[in-house]
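For reference, the structure is listed below as structure tokens.
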Amino acid sequence: MAVLTVGLDFITGRCVAANVSDREQPEWPPHPGRVFMALAAACFETGEDPDQVAALQWLEKLPAPSIHASDFETRSPVKYYVPVNDKMSESKSILQTTPGLTRSKQERSYPTAIPYQTKVRYVWRGAEGAESHFEHLNQICAEVIRVGHSSSLVQAWAELNEEDTLAIENGTCQLWQPTIGRSQYQARIVGEGEFNRLRVACNAERIDQFADLKMTIDSTKGKVQKEAKQVFESIFGEPYKAHLRAPEPAPAVLGLWQGYRADSEESGTVLEGEHFDSDLIVLAIKQDSQHESRSFGLSDSLSLNQCLRKTVMSLLGDQAIPEWVSGHQADGSPSQDPHVAFLTLPFVGHKYSDGHIMGLALALPKQVPPEERGEVLGRLLMNESGEYRSIQLDLGNLGPLQLQLEDRPEPPWTLRTSSWNRESHEWASVTPVVLDKFPKRSRVEDRVAWEEEVRRIVGISCVRAGLPQPIEIDIDTTSWHLGAPRAYPKAKTSRSRGRGDVRSTVGDGFPLMPSRAGKPSRPQTHVLLKFDPPVRGPVLVGAGRFLGYGFCKPLFSRK
């Protein structure tokens with residue numbers, strides 16, 4: 291089986307390309323359609339060799355490729371002010387060298403992705419006819435110098451193998467496979483006839499005709515000049531004038547989109563938790579123009595998740611609510627099986643993260659058949675006409691909060707399931723882990739023994755939550771993800787006249803998980819879990835996992 295690979299190496303270590311869904315955000319990995327446009331541009335610029343044209347027209351007919359790319363960081367937004375063409379009109383900016391001319395400046399931004407691995411590969415398995423086109427396709431790749439902005443320099447190449455030899459580099463790469471089901475990532479692709487559509491959009495023939503006729507008209511006189519002007523008017527529909535500008539290429543627009551899902555088949559053994567499905571149901575916070583825009587921090591997670599659970603139960607109505615949704619058996623006792631977990635999705639893990647919540651999510655138990663899930667989720671997420679509806683949380687004095695199913699082609703990274711379930715050896719808590727039992731050792735009297743006992747409790751909690759036993763566990767009051775608050779509020783003792791010593795909280799921190807009446811709250815801590823082999827999420831640990839505590843995120847360190 292022939293396996294064709296087109297590879298890109300971003301030689302500056304960064305990719306400058308705007309996301310078509312949000313021009314302020316970078317596009318990573320580059321969509322297959324963007325790569326095809328770069329190949330087509332190289333072909334146009336080198337004279338459109340017939341064999342190379344045939345190779346691209348063959349390539350556009352292939353199914354969507356698999357994409358092999360690493361995770362990335364984003365460069366902080368930088369605004370530039372770019373001079374535009376000189377004009378004889380009023381403007382605040384006067385050219386010092388030519389006082390009669392003015393120049394305005396337009397704000398520009400260049401969204402930049404900084405990948406952990408600079409190489410990206412696009413793989414077509416079972417590409418029939420690849421042998422006859424491979425040489426010409428490799429020639430085109432050799433002419434590609436950029437993908438995206440002109441500063442986004444690449445070295446491109448093609449490979450042809452009998453079997454797939456794709457390898458994960460340093461455990462930081464992800465394989466994205468095309469899917470016809472619910473996707474985690476949407477990318478633009480090309481279809482049959484795309485090369486010809488790009489040729490028309492390129493407008494190269496009219497641009498060349500304009501340049502040739504302009505040169506002839508400006509450099510000749512008499513009959514030759516007159517004939518050239520007549521040809522110009524017949525082609526461009528207006529008499530020639532010296533100030534006329536040459537035609538410009540039309541923006542190349544791709545209308546085909548393909549959904550992708552993460553696939554770890556190529557990375558060897560990957561373990562999954564036994565309790566929760568890796569596909570989260572993501573609900574984005576919808577901005578409501580009728581109410582003042584509000585921002586919720588991670589310390590609000592518990593109250594938001596409790597409100598979401600109450601709202602879900604209410605929306606399902608009087609019909610029988612399954613045990614895997616309610617978490618309770620028919621007699622009202624707690625369920626002994628995994629049930630829905632309610633989660634918050636915060637902006638964390640980036641050096642500019644502030645921990646604000648961008649959405650909420652539902653983690654569904656694995657043992658529930660897809661048909662039953664669909665029936666219940668349909669009642670929850672769709673109205674009577676079959677359209678997705680908003681879910682309104684009543685937050686009391688704060689007013690309503692609107693949620694909607696996240697179905698944008700390219701949502702923010704925080705609202706992508708892949709941010710929370712991609713495979714990793716290291717997972718760090720975003721919300722604190724609530725211990726399943728109290729340590730017998732005293733933290734004050736013997737800190738080392740207390741921490742060792744807490745590690746053992748966390749390890750048992752991982753197994754109880756359907757996860758493998760970690761090979762290493764670390765604990766701290768501070769999260770390993772930037773933007774997440776302390777595991778619990780910091781207390782301060784102060785002396786008050788007439789009341790003695792008074793303890794109060796200082797700074798931010800997660801509220802303690804409520805316990806039964808008359809019982810103290812259980813200890814909670816941030817954790818770092820290391821697994822071997824890697825684990826795919828979601829990773830939920832501890833006594834509060836069904837209400838969003840003990841929610842972990844993959845931890846990658848950029849070297």
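The working numbering numbers the first residue of the sequence shown as 291 and each following residue consecutively. All residues carry an ideal CB built from backbone N, CA and C; glycine is no exception. Here the structure is a predicted model, which means the values were calculated and not measured.
Self-check item: Of the residues 572, 352, 331, the one placed nearest residue 694, counting alpha carbons only
Solution: As a first step, residue 694 must be located in the sequence shown, where it is residue number 404. If we check each option's Cα against that of residue 694, 572 comes out closest.
Quiz item: Ends of the alpha helix (DSSP H) at residue 505?
Solution: Here residue 505 refers to the residue found at position 215 of the sequence shown. Bounds of the alpha helix (DSSP H) holding residue 505 are 494 to 509.
Quiz item: What are the complete alpha helix (DSSP H) segments, minimum 4 residues, inside the segment 658 to 744?
Solution: Runs of the alpha helix (DSSP H) inside the segment 658 to 744: 660 to 671, 708 to 711.
Practice problem: Look up residue 549 in the DSSP assignment and give the residues it is bridged to. | Solution: In the sequence shown, the residue the question calls residue 549 occupies position 259. Paired residues: 469, 476.
Self-check item: Test item: CB-CB of residue 830 and residue 770 under 9 Å
Solution: The count along the sequence shown starts at 1 and reaches residue 830 at position 540. The count along the sequence shown starts at 1 and reaches residue 770 at position 480. Here residue 830 is not near residue 770, since their CB atoms are 9 Å or more apart.
Self-check item: Beta carbon of residue 638 nearer than 9 Å to that of residue 780
Solution: Taking the sequence shown and counting its residues from 1, the one referred to as residue 638 is at position 348. Taking the sequence shown and counting its residues from 1, the one referred to as residue 780 is at position 490. In this structure, residue 638 lies away from residue 780, with their beta-carbon atoms at least 9 Å apart.
Practice problem: Find out if the Cβ-Cβ distance for the pair residue 776, residue 767 is shorter than 9 Å. | Solution: For the purposes of this step, residue 776 is taken as residue 486 along the sequence shown, with counting starting at 1. For the purposes of this step, residue 767 is taken as residue 477 along the sequence shown, with counting starting at 1. Yes, these two residues count as a Cβ contact at 9 Å.
Self-check item: Near the ligand FAD: residue 292 beta-carbon under 8 Å from a heavy atom
Solution: You won't find the ligand FAD in this model; it holds no ligand whatsoever.
Quiz item: Beta-carbon separation of residue 707 and residue 474 under 9 Å?
Solution: For the purposes of this step, residue 707 is taken as the residue at position 417 of the sequence shown. For the purposes of this step, residue 474 is taken as the residue at position 184 of the sequence shown. Taking C-beta atoms as the reference points, residue 707 and residue 474 count as a pair closer than 9 Å.
Practice problem: Please state whether DSSP places residue 355 in a helix, a strand or coil. | Solution: Your numbering for residue 355 matches position 65 in the sequence shown. Here residue 355 sits in coil by DSSP.
Quiz item: Between residue 307 and residue 441, which are expected to be in contact by the criterion C-beta below 8 Å, what is the C-beta distance as a whole number of angstroms?
Solution: For this step, residue 307 is matched to residue 17 along the sequence shown. For this step, residue 441 is matched to residue 151 along the sequence shown. Taking the Cβ atoms as the reference, residue 307 lies roughly 10 Å from residue 441, outside the contact range of under 8 Å.
Quiz prompt | Three-state class that DSSP yields for residue 483 in the structure shown | solution = Taking the sequence shown and counting its residues from 1, the one referred to as residue 483 is at position 193. For residue 483, the secondary structure class from DSSP, reduced to helix, strand or coil, is coil.
Quiz item: Are the CB atoms of residue 576 and residue 476 nearer to each other than 9 Å?
Solution: As a working note, residue 576 is residue 286 in the sequence shown. As a working note, residue 476 is residue 186 in the sequence shown. Against a cut-off of 9 Å, the Cβ pair of residue 476 and residue 576 comes out as no contact.
Quiz item: Going by other Cβ atoms of all chains shown within 10 Å of its Cβ, with 16 needed for buried, is residue 464 buried or exposed?
Solution: As a working note, residue 464 is residue 174 in the sequence shown. By the neighbour-count rule (16 or more Cβ atoms within 10 Å), residue 464 is buried.
Quiz item: Who are the near neighbours of residue 758 in its chain, counting only those whose CB is closer than 8 Å to its CB and skipping five residues on each side?
Solution: Within the sequence shown, the letter at position 468 stands for residue 758. Excluding sequence neighbours, residue 758 sits near 561, 752, 821, 825.
Quiz prompt | Residue from 521, 746, 723 with nearest C-alpha to residue 592 | solution = Position 302 of the sequence shown, counting from 1, holds the residue named residue 592. In this structure, 723 is the residue among 521, 746, 723 with its C-alpha nearest to the C-alpha of residue 592.
Quiz item: Does the beta-carbon of residue 339 have 16 or more other beta-carbons within 10 angstroms, so that it is buried, or is it exposed?
Solution: Against the sequence shown, residue 339 aligns to sequence position 49. The residue is exposed, with fewer than 16 neighbouring Cβ atoms inside 10 Å.
Quiz item: Would the segment 341 to 349 and the segment 422 to 438 be scored as touching if the rule is three or more Cβ pairs under 8 Å?
Solution: The segment 341 to 349 makes contact with the segment 422 to 438, as at least three CB pairs between them are under 8 Å.
Quiz prompt | Cβ neighbour criterion (16 or more within 10 Å) applied to residue 761 | solution = Position 471 of the sequence shown, counted from the first residue, corresponds to residue 761. When all chains shown are included, residue 761 counts as exposed.
Practice problem: Output yes or no for whether 9 Å exceeds the beta carbon distance between residue 569 and residue 445. | Solution: By 1-based counting over the sequence shown, the position of residue 569 is 279. By 1-based counting over the sequence shown, the position of residue 445 is 155. For residue 569 and residue 445, no; Cβs fall outside 9 Å.
Exercise. Identify whether residue 584 lies in helix, strand or coil by the three-state DSSP scheme.
Key: For the purposes of this step, residue 584 is taken as residue 294 along the sequence shown, with counting starting at 1. In the structure shown, residue 584 sits in coil (DSSP, three-state: anything other than H, G, I, E or B).
Practice problem: Could you tell me which residues DSSP pairs with residue 309 in its beta bridges? | Solution: Position 19 of the sequence shown, counted from the start, is the residue given in the question as residue 309. DSSP lists 312 as partners of residue 309.
Exercise. Quick one: using the 10 Å Cβ neighbour count with 16 as the cut-off for buried, is residue 418 buried or exposed?
Key: In the sequence shown, the residue the question calls residue 418 occupies position 128. Taking a 10 Å sphere around the C-beta of residue 418, we find fewer than 16 other C-beta atoms and assign the residue as exposed.
Exercise. Could you spell out where the beta strand (DSSP E) holding residue 523 opens and where it closes?
Key: Sequence index remark: in the sequence shown, residue 523 carries index 233 (1-based). Counting along the chain, residue 523 sits inside no beta strand (DSSP E); it lies in the alpha helix (DSSP H) bounded by residues 512 to 526.
Quiz prompt | CA nearest to the CA of residue 713, picked from 426, 323, 819 | solution = Along the sequence shown, read from residue 1 onward, the residue named residue 713 stands at position 423. Scanning 426, 323, 819 for the CA closest to the CA of residue 713 turns up 819.
Exercise. Can you say whether residue 848 is buried or exposed, counting buried as having 16 or more other CB atoms within 10 angstroms of its CB?
Key: Working through the sequence shown from its first residue, we reach residue 848 at position 558. In this prediction, residue 848 scores a pLDDT of 43, lower than 50, which makes its location untrustworthy; the coordinate-derived value is nonetheless stated afterwards. Residue 848 comes out exposed.
Exercise. Out of 606, 815, 662, point me to the one whose CA is closest to residue 747's CA.
Key: Locating residue 747 in the sequence shown gives position 457, where the first residue counts as 1. The shortest Cα separation from residue 747 among 606, 815, 662 belongs to 815.
Practice problem: Give me the Cβ distance between residue 645 and residue 726, rounded to the nearest whole Å; I'm assuming they're in contact under 8 Å. | Solution: In the sequence shown, counting from the first residue as 1, residue 645 sits at position 355. In the sequence shown, counting from the first residue as 1, residue 726 sits at position 436. Your pair residue 645 and residue 726 does not check out as a contact, with CB atoms roughly 26 Å apart and the cut at 8 Å.
Quiz prompt | residue 600 - containing alpha helix (DSSP H), residue span | solution = In the sequence shown, the residue the question calls residue 600 occupies position 310. It spans 591 to 605 - the alpha helix (DSSP H) in which residue 600 sits, taken as one unbroken run.
Quiz item: Quick one: is residue 800 buried, meaning 16 or more other Cβ sit within 10 Å of its Cβ, or exposed?
Solution: Residue 800 sits at position 510 when you count from the first residue of the sequence shown. By the 10 Å Cβ count, residue 800 comes out buried.
Quiz item: Thinking C-beta only, is residue 546 closer than 9 Å to residue 327?
Solution: Mapped onto the sequence shown, residue 327 falls at position 37. Mapped onto the sequence shown, residue 546 falls at position 256. Not in contact: residue 327 and residue 546 (Cβ atoms no closer than 9 Å).
Quiz item: Where residue 303 and residue 502 are concerned, what is the direct C-alpha to C-alpha distance, given to the nearest angstrom?
Solution: By 1-based counting over the sequence shown, the position of residue 303 is 13. By 1-based counting over the sequence shown, the position of residue 502 is 212. When the Cα atoms are used, residue 303 and residue 502 turn out to be separated by approximately 40 Å.
Quiz item: Taking just the CA atoms, how far does residue 468 sit from residue 524?
Solution: Here residue 524 refers to the residue found at position 234 when the sequence shown is read from its first residue. Here residue 468 refers to the residue found at position 178 when the sequence shown is read from its first residue. Cα-Cα distance, rounded: 48 Å.
Practice problem: Determine the DSSP secondary structure at residue 327, reduced to helix, strand or coil. | Solution: Residue mapping note: residue 327 aligns to position 37 of the sequence shown, counting from 1. In the three-state reduction of the DSSP assignment, residue 327 falls in the helix class, which pools H, G and I.
Quiz item: Quick one: what's residue 445 bridged to in DSSP?
Solution: Numbered from its first residue, the sequence shown carries residue 445 at position 155. Here residue 445 is bridged, per DSSP, to 299.
Practice problem: Could you name each continuous beta strand (DSSP E) segment of 3 residues or more that falls completely within the segment 790 to 839, going from the start of the chain to the end? | Solution: Within the segment 790 to 839, the complete beta strand (DSSP E) segments at least 3 residues long are 790 to 796, 814 to 826, listed from N- to C-terminus.
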